[in-house]
Amino acid sequence: YTAVVTSFIPRHLDKRTIKVPVAISGEPPQERVICLNDGYDEEDMIINKAQEAITEYKVIAGTGGYSLLWLYPLTGRKHQLRVHCASVLNAPILGDVKYRDTTKILPHIKKLQSQNSSSNFNPMHLHLSKIAIRDWKLFNAVGKVVKRKDIEVHAPLPDYFQKTTLMIFGIDADNDEFLARYVV
1 YTAVVTSFIP RHLDKRTIKV PVAISGEPPQ ERVICLNDGY DEEDMIINKA QEAITEYKVI
61 AGTGGYSLLW LYPLTGRKHQ LRVHCASVLN APILGDVKYR DTTKILPHIK KLQSQNSSSN
121 FNPMHLHLSK IAIRDWKLFN AVGKVVKRKD IEVHAPLPDY FQKTTLMIFG IDADNDEFLA
181 RYVV
């Protein structure tokens, strides 16, 4: 995943790991996912039906009050990336109205709002850039595995996201040369 977050996080050369359990709090439509940070013990985790949540992240760029991150979820919990950024890194994802306030709206987003029929258009800057499925099994008509293969799908950043990375960081985060320098 690629994300723009609303806090500056110092760059490190290696990936960092967040290993903080999460639990669902409240009932729909007001439910939220919460991190069980310091101060929670095993009993609290059982009472809150907490689940292990692990996210690796790498800071790609940072300036002012923003950072560009690559996020690697090692577990697949609801809103895991959003709540780990907001609660653990103290860096909510830009445009995430559930886990941050909505005061930061960038000029090109305001322009999109004026062009869009919905004046609330404030897209979240979290994008699944690549998904890899390892050892995908293909079956024949009788259910026997006939082939195994790895599948990778790449999705380019949406236009608004590219404009954001150019405006804030001065980089095209979807550019092949840029990506080649930071691929882990």
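According to UniProt numbering, the sequence shown is numbered sequentially starting from 1. In this text, a Cβ means the ideal position worked out from N, Cα and C, and glycines have one as well.
Ranking Arg-16, Arg-100, Ala-3 and Pro-158 by CA distance to the CA of Leu-68 puts Ala-3 first. The C-beta separation of Gly-76 from Phe-8 comes to about 28 Å, leaving the pair out of contact by the 8 Å criterion. With distances taken between CA atoms, Ser-87 lies nearest to Ile-18 out of Ala-132, Lys-149, Ile-18 and Ala-155.
Boundaries of the alpha helix (DSSP H) around Leu-81: 80-83. Annotation: the continuous alpha helix (DSSP H) that includes Leu-166 extends over 159-169. When C-beta atoms of the region 130-146 are compared with those of the region 88-99, fewer than three pairs fall below 8 Å, so the two segments do not count as touching. Going by C-alpha positions, Lys-15 is about 17 Å away from Ser-129. In this structure, Val-83 sits away from Ile-24, with a CB-CB distance that is not shorter than 8 Å. Taking Asp-150 as reference, the option from Gln-162, Pro-158 and Ile-131 with the minimal CA-CA separation is Ile-131.
Cα atoms of Phe-169 and Glu-52: separation of roughly 33 Å, rounded to the nearest angstrom. When secondary structure is reduced to three states using DSSP, Val-142 falls in the coil class, being assigned neither helix nor strand.
The alpha-carbon of Arg-11 is positioned some 37 Å away from that of Glu-27.
In the three-state reduction of the DSSP assignment, Ala-86 falls in the helix class.
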